[in-house]
Amino acid sequence: MDTPALSVVLPALNEEATIGECIEKIRQVFADLSIDGEIIIADSSDDRTAAIARDLGATVVRPEKRGYGNAYLAGLACARGDYIVIGDADNTYDFLEIPKFLAPLDAGADMVLGSRLRGEIRPGAMPALHRYVGNPLLTRLLNRVFGIRISDAHTGLRAFRREALERLNLKTGGMEFASEMIIEAAKANLRIDEVPITYSARVAPSKLQSFSDGWRHVRFMLLYRPIPFITVPGLLFTIFGFFLMVIFLFRGDVETSFIHSFILGALFFVGGLQALFAGINIAVYSAVQGYGEAGSFISRLMNYHNLEWELLAGILLMAGGGLVGLGILRDWAATGFGPLFQIANAVWALALFLAGMQVVFSGIFTSMMLLKRGEGPD
C-alpha cells in the first residue's frame, strides 16, 4: 500500500451535525492539490458520527478511553502520511485552509500552528474570557517557561511532519495534550511556525470547561517546570521566615512587642517549606513519569542514600521542636502548673516540629515514587 502524502486526523465526540462537512472540505483539498491523502476519525461518539464518516470514506478508529488526548493518540497511531494535519470535527476550523499549513512544512518547518488570534475570529466563536484573558495568559506563560514565541497555544488546527511526531513523547489523555505537543516540540528544538486562520462558531454546544480546562493546562506546565515556579519561591519564603523569627528572637520581648510579626515569620517558614518540598516532589514525579528531565539536584535527591540524610534532617528538626516543647513543659511544672506565658517558644516548637514532619514525609513520598523504577539501596 502506497504511503499517503497527507493524513488528516480528527477527534470526534457526537459531531454528527458537522462531521460530514469537515470530511467533504478535506477531500476537496486533496482534489485541489492532486495529492493522495487519508482521513482518520478517532471517534468516541454514541450518535451517528462514525457511520457518517465511514460512508464518506474516512477511516474510523475507536479510542479505548474517552478524552481529547486519548482520541488523538489513537488516531495518530494510524496515520501514515508524510505530513499530518489535526483539527476538531466541530467545523469551527475551516479545513479548506489546509494548504496554508503545507507551504511552511515544505519550507522546512517541523510544526505549523493555526493562529486564531492573528487571523479572523467570527462572531460567537470564542468567548471574551477565552479571547482576551485565558488564551493570551496561558500562551504567554507557555512562551515564557519554554522559550518559544507563538500567539495561540491552544489552537486545535495544527500540522507537522511525521518525523517530527516521532520525536514527541506524547502520552497525555486529556485536554493537556494540546500543551504537551507544544512543550515536547520546544524540548526537541523543533521549528514551529504559525499561519493565520479563520475560527467559526460551533453548531453544537461547546464541551470546553473554561476554568477546569485552564487549570489543567497550568498544572501540566508546572509538571515540566516545578523548580522555578514552586521550589524556588518556597525556598525564598522559608529563608525569609526563618531569619525573621531569628531576628525577633534576638531582639527579645517577643511576646510583648513583636508577637504578631514573629508568628508571621513562622507562617512564612512553615508555608515556604511546604511549597519547597511540594515542588521537589513534583519534579521527582515528573522525572519518574518521563515528563521532565531530572536536573543535577533532583538526580542527587533521588538517590536512596541522600533520602536517608533527608529523613535524618527531618527527624532532627522534629527533635528540636520536641526539646523546645519539653522545655516549656519543664518550666510549667516548675511553676506548679500555674499560668504560663511562653508564646514565642511555643511557636518555635510548633514550627520546628511541623518543618521536620514535612521533610520526613517528603522523603518517604519520594522513596515511594522511586519504587516505580525498581530502584533501591545498593
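Okay, so the sequence shown: first residue is 0 according to numbering that gives the first Met the number 0, each after it adds one. Every residue, glycine too, gets a C-beta built ideally from N, C-alpha and C.
What number of angstroms, rounded off, separates the C-alpha of Glu307 from the C-alpha of Met317? Taking the straight line joining both Cα atoms gives about 15 angstroms.
Using 7 angstroms as the threshold, is the C-beta distance between Leu95 and Lys186 below it? Contact annotation: Leu95 and Lys186 have beta-carbon atoms that are not nearer than 7 angstroms.
Would you list the residues sitting across from Thr197 in a DSSP beta bridge? Glu119.
Start and end of the beta strand (DSSP E) containing Val253? Neither: Val253 is in no beta strand (DSSP E) and is coded neither H nor E.
Of the residues Gly146, Asp192, Gly56, Gly19, the one placed nearest Leu104, counting alpha carbons only: When each option's Cα is compared against that of Leu104, the closest is Asp192.
Do Asp81 and Leu189 have their CB atoms nearer than 7 angstroms? Contact flag unset, no.
Would you kindly work out how many angstroms separate the C-alpha atoms of Arg53 and Tyr198, rounded to a whole number? Going from the Cα of Arg53 to the Cα of Tyr198 covers about 26 angstroms.
Cβ-Cβ distance between Phe268 and Thr237 below 7 angstroms: Going by C-beta atoms, Phe268 is nearer than 7 angstroms to Thr237.
Take Lys99 and list the residues in its own chain whose beta-carbon comes closer than 6 angstroms to its own, dropping the five residues that flank it on each side. So the list reads Val194, once near-sequence residues are dropped.
Between the alpha carbons of Ile181 and Leu32, how many angstroms are there, rounded? Just so you know, the alpha carbons of Ile181 and Leu32 end up roughly 28 angstroms apart.
Meets three-Cβ-pair contact criterion under 8 angstroms: the stretch 115-128 and the stretch 147-166: The stretch 115-128 is in contact with the stretch 147-166.
So, Ala11 versus Ala124, is the Cβ gap smaller than 7 angstroms? The answer is no: Cβ separation not under 7 angstroms.
Assuming Glu14 contacts Asp89 under a Cβ cut-off of 8 angstroms, what Cβ separation, rounded to an integer in Å, is found between them? Sure, about 6 angstroms apart at Cβ, within 8 angstroms.
Closer than 8 angstroms is the cut-off here; do at least three beta carbon pairs connect the stretch 346-360 with the stretch 249-268? Yes: the two stretches touch, three or more of their Cβ pairs being nearer than 8 angstroms.
Out of Ala333, Arg299, Ile149, Arg61, state which residue places its alpha-carbon closest to the alpha-carbon of Leu369. Answer by Cα proximity: Arg299.
To the nearest angstrom, how far is it from the Cα of Leu311 to the Cα of Ile279? So the alpha carbons of these two residues sit roughly 18 angstroms apart.
Please work out which residues of its chain come closer than 7 angstroms, Cβ to Cβ, to Asp377, disregarding the five sequence neighbours upstream and downstream, and give them in chain order. For Asp377, the predicted structure reports a pLDDT of 44, less than 50, and the residue's modelled location is therefore unreliable. A value from the coordinates is still provided. None.
What residue does the alpha helix (DSSP H) around Glu37 start on, and which one ends it? Not the alpha helix (DSSP H): Glu37 falls in the beta strand (DSSP E), residues 36-42.
Closer than 8 angstroms by C-beta to Glu20: which residues in its own chain qualify, once you throw out the five before and the five after it? Chain order, please. If we look at Glu20 and ignore the five residues flanking it on each side, its Cβ neighbours are Asn90.
Which of the three DSSP states, helix, strand or coil, is assigned to Pro227? Pro227: helix per DSSP, three-state reduction.
Enumerate in chain order the residues of its own chain whose CB-to-CB distance from Ala41 is below 6 angstroms, with the five nearest sequence positions on each side excluded. Same-chain partners within the cutoff: Pro10, Val60, Pro62, Ala70, Ala73, Gly74.
Would you mind giving the Cβ-Cβ distance between Ala274 and Met244, rounded to the nearest angstrom? I have them listed as a contact below 8 angstroms. That belief does not hold up - the Cβ atoms of Ala274 and Met244 are roughly 17 angstroms apart, past 8 angstroms.
Could you please give me the residues that DSSP links to Thr58 through a beta bridge? When beta bridges are read from the DSSP output, Thr58 appears opposite Ile39.
Round the Cβ separation of Glu165 and Thr171 to the nearest angstrom and send it over; I've been treating them as touching at under 8 angstroms. In fact, because the Cβ distance is near 17 angstroms, the residues do not count as touching under 8 angstroms.
Short of 6 angstroms in beta carbon distance, which residues of its chain neighbour Leu353, apart from the five on each side in sequence? Order them along the chain. The residues are Val269.
C-beta contact flag for Tyr290 and Phe176 at 7 angstroms: In this structure, Phe176 does not lie closer than 7 angstroms to Tyr290 by Cβ.
Is DSSP giving Val202 helix, strand or coil here? Note: Val202 maps to coil in three-state DSSP.
Quick check: Ile34 and Leu5, are their CB atoms within less than 7 angstroms of each other? Yes, the pair counts as a contact, with Cβ atoms nearer than the cut-off.
Starting from Ile97, trace the alpha helix (DSSP H) in both directions and tell me its first and last residue. For Ile97, the enclosing alpha helix (DSSP H) starts and ends at 97-105.
Which residues DSSP lists as bridging Met110, in chain order: In the DSSP output, where bridge partners are listed per residue, Met110 has Phe159, Ile191.
Residues near Ile262 by beta carbon distance below 7 angstroms, same chain, minus five either side: For Ile262, where only same-chain residues beyond five positions count, the Cβ hits under 7 angstroms are Val346.
Val8: first and last residue of the uninterrupted beta strand (DSSP E) it sits in: It spans 5-11 - the beta strand (DSSP E) in which Val8 sits, taken as one unbroken run.
Reference Arg160; option with closest CA among Ala106, Arg148, Arg139, Tyr131: Considering only alpha carbons, the answer is Ala106.
Hey, how far is the Cα of Ile149 from the Cα of Ser366? Distance between the alpha carbons of Ile149 and Ser366 is about 38 angstroms.
Contact check, Val28 vs Val84, beta carbons under 7 angstroms: Between Val28 and Val84, the CB-CB gap reaches or exceeds 7 angstroms.
In the DSSP assignment, find the unbroken beta strand (DSSP E) run with Tyr82 in it and report its ends. 82-85 is the span of the beta strand (DSSP E), which, as asked, contains Tyr82.
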